[in-house]
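Q:
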Amino acid sequence: MKILVLNCGSSSIKYALYDMDTKRVMTSGGAERVGLDGAFVKVKLANGEKKQIMHDIPEHTEGVKFIFSLLTDPEIGVIKDLKEIDAVGHRMVHGGEKFNKSVLLTDEVLKVFEACSDLAPLHNPANLKGVKAVSELMPGLPQVGVFDTAFHQTMPAKAYMYAIPYELYEQYGVRRYGFHGTSHRYVSARVCEYLGVKPEDKKVITCHIGNGGSVAAVDGGKCVDTSMGLTPLEGLMMGTRSGDIDGGAISFIQKKLGLDADGISNLLNKKSGVLGVTGVSSDMREIDAAAAAGNERAVLALDMYFYRIKKYVGAYAAAMGGCDIIVFTAGVGENQANMREAVCEGMEWMGVKLDVEKNKTVRGEEAIISTPDSQVTVVVVPTDEELMIATDTMNLL
2 MKILVLNCGS SSIKYALYDM DTKRVMTSGG AERVGLDGAF VKVKLANGEK KQIMHDIPEH
62 TEGVKFIFSL LTDPEIGVIK DLKEIDAVGH RMVHGGEKFN KSVLLTDEVL KVFEACSDLA
122 PLHNPANLKG VKAVSELMPG LPQVGVFDTA FHQTMPAKAY MYAIPYELYE QYGVRRYGFH
182 GTSHRYVSAR VCEYLGVKPE DKKVITCHIG NGGSVAAVDG GKCVDTSMGL TPLEGLMMGT
242 RSGDIDGGAI SFIQKKLGLD ADGISNLLNK KSGVLGVTGV SSDMREIDAA AAAGNERAVL
302 ALDMYFYRIK KYVGAYAAAM GGCDIIVFTA GVGENQANMR EAVCEGMEWM GVKLDVEKNK
362 TVRGEEAIIS TPDSQVTVVV VPTDEELMIA TDTMNLL
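Residue numbers (the working numbering): 2 to 398.
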């Protein structure tokens, strides 16, 4: 079975074609600057070579159509006919309370998903465009939606409710939903498989740390709390997002700078985080380099960044009444040894003993980085959201 995975953003379309008999990625890539000048598609070929192709992509249907043409291209294609594709799995960002698992995308399901667009006005409409593009180009091809928020729907009300007038939850669905759910679900299951233990017996804290970051508490294979909220803004300090901030500070800043709702949202989502503190970059590699060169604001940003991750790990250990496994994943989590060391430092009280030398040598591969006598096993597990989407799609069919 061949499954195409699509992740449609507001101005991008990422894709990967899987041969699910071997769980092999046949090809992958992404269209960038959809609807803008200078659009292009990057393709990763079967031999690992990367190729960039300039192509005018005025909207998502044209982008998906061009990606389809590349899949069957005589030179760089990997299939002879689009009919070889058995189904398409879509990353869907916000399913609200309506979806707690992946679903086959019918007209009825899409109407319910569209009603959630108020909760993710940038992402959900783009996701819908991808689904509609496939429907136009290949009518009748089964499509499956895999929701970022679904894994977190097992949270109890005490974890997801905000202490605001209850009517706001009833009328507008204002509550914590959480994101990166497909990643948290994948790594929390994969780490147990890797360690040869049963998920239902373990308390796992998953740290998805990238340009966007979140932490989840997974007890017995089910999410019981997570750091992101109604939107991906809450929780950790991120590349350009502020993370947790006093609501009073938001109104104070808004008044001082004369910002409207969109202006304050832009400030908190795109101009804050490590970028806002350092004034240097949102890329942790550049922040590391600046800190090493003595930039005091870069040093401060790293201290803040690491501290907040540690604080959530400690909080979730307390919430679950213990912790058996801590997992680091995503771009920073898999590759930034100093972050993992800073988070684990001083956590001996909860049974964490990091093997500092082993931690330094691990980059982007599955590995145990705690000492043999550590009560809590600390592991690096590369995430694979695309494989999770492809697997869900195959299983539903």
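Virtual Cβ for every residue (Gly too), placed ideally from N, Cα, C.
1. At what residues does the alpha helix (DSSP H) containing R176 begin and finish?
2. Can at least three beta-carbon pairs, one atom from the region 288 to 304 and one from the region 346 to 355, be found at a separation below 8 Å?
3. So what does DSSP say about R186, is it helix, strand or coil?
4. Using three-state DSSP, classify Y163 as helix, strand or coil.
5. I need the DSSP call for F100, collapsed to helix, strand or coil.
6. Taking DSSP as the reference, what is the three-state secondary structure of V357?
7. Just curious, the alpha helix (DSSP H) that F307 is in, first and last residue?
8. Provide the residue span of the beta strand (DSSP E) that contains D20, from first to last.
9. I think T232 touches G182, with their Cβ atoms under 8 Å apart; what is that distance to the nearest whole Å?
10. By Cβ distance, which residues of its chain are closer than 7 Å to G323, with the 5 residues on each side in sequence left out?
11. Considering only their Cβ atoms, is the gap separating F67 from H56 smaller than 8 Å?
12. Buried or exposed: which applies to E387, given that a residue is buried once 16 or more other Cβ atoms fall within 10 Å of its Cβ?
13. Span of the alpha helix (DSSP H) holding V135?
14. Based on Cα-Cα distance, which residue from L71, G230, L355 lies nearest to D245?
15. Select from F41, A291, G97, R242 the residue whose C-alpha is nearest the C-alpha of K51.
16. Nearest CA to the CA of A394: which residue from Q376, K354, K24, N339?
17. Can you list, in chain order, the residues of its chain with a C-beta nearer than 7 Å to that of C9? Leave out the 5 residues immediately preceding and following it.
18. DSSP state of S252, grouped into three classes?
19. Under a three-way DSSP split, which group does T279 fall into?
20. Please name the residue, chosen from L258, E366, L355, G240, that lies closest to Q376 on a Cα-to-Cα basis.
21. Excluding the 5 residues preceding and the 5 following Y161 in the sequence, name in chain order all residues of the same chain whose CB lies nearer than 7 Å to its CB.
22. Taking only runs of the beta strand (DSSP E) that begin and end inside the region 49 to 114, which ones reach a length of at least 3 residues, in chain order?
A: Let me lay it out:
1. Against the sequence shown, residue 176 aligns to sequence position 175. It is not in any alpha helix (DSSP H) - R176 carries neither H nor E in the DSSP assignment.
2. In short, these stretches do not touch, since the Cβ pair count stays below three.
3. Residue mapping note: residue 186 aligns to position 185 of the sequence shown, counting from 1. Residue state, collapsed to three classes: helix.
4. Numbered from 1 along the sequence shown, position 162 holds the residue referred to as residue 163. DSSP places Y163 in coil when its eight states are reduced to three.
5. For the purposes of this step, residue 100 is taken as residue 99 along the sequence shown, with counting starting at 1. If DSSP states are grouped into helix, strand and coil, F100 belongs with coil.
6. Here residue 357 corresponds to residue number 356 of the sequence shown, with the count starting at 1. Of the three classes helix, strand and coil, the one that applies to V357 here is helix, per DSSP.
7. Taking the first residue of the sequence shown as 1, we reach residue 307 at position 306. First-last of the alpha helix (DSSP H) with F307: 297 to 321.
8. Taking the sequence shown and counting its residues from 1, the one referred to as residue 20 is at position 19. Element bounds for D20: 13 to 20.
9. Position 231 of the sequence shown, counted from the start, is the residue given in the question as residue 232. Position 181 of the sequence shown, counted from the start, is the residue given in the question as residue 182. Not confirmed; about 14 Å, so no contact.
10. One-based indexing of the sequence shown puts residue 323 at position 322. The answer, listed in chain order, is K204.
11. Counting from one through the sequence shown, the residue named residue 56 turns up at place 55. Counting from one through the sequence shown, the residue named residue 67 turns up at place 66. It is a contact, given that the beta carbons lie within the stated cut-off.
12. Position 386 of the sequence shown holds residue 387. E387 is buried by the Cβ-count criterion.
13. Residue mapping note: residue 135 aligns to position 134 of the sequence shown, counting from 1. For V135, the enclosing alpha helix (DSSP H) begins and ends at 125 to 138.
14. Here the question's residue 245 lines up with position 244 in the sequence shown. It is G230 whose Cα lies nearest to the Cα of D245.
15. Numbered from its first residue, the sequence shown carries residue 51 at position 50. Residue F41 is the option with its Cα nearest to K51.
16. On the sequence shown, position 393 is the one that residue 394 refers to. The amino acid occupying residue 394 in the given sequence is Thr; Ala does not appear at that position. Measuring from the Cα of T394, the nearest candidate turns out to be K24.
17. Here the question's residue 9 lines up with position 8 in the sequence shown. Apart from the 5 residues on each side of it in sequence, C9 sits with its Cβ closer than 7 Å to the Cβ of H61, A127, N128, K130, G131 in its chain, given in chain order.
18. For this step, residue 252 is matched to residue 251 along the sequence shown. Helix at S252.
19. Along the sequence shown, one-based indexing puts residue 279 at 278. T279: helix per DSSP, three-state reduction.
20. For the purposes of this step, residue 376 is identified with residue 375 of the sequence shown, where counting begins at 1. Answer by Cα proximity: L355.
21. Taking the first residue of the sequence shown as 1, we reach residue 161 at position 160. So the qualifying residues of the chain are R176, R177.
22. 51 to 55, 88 to 93
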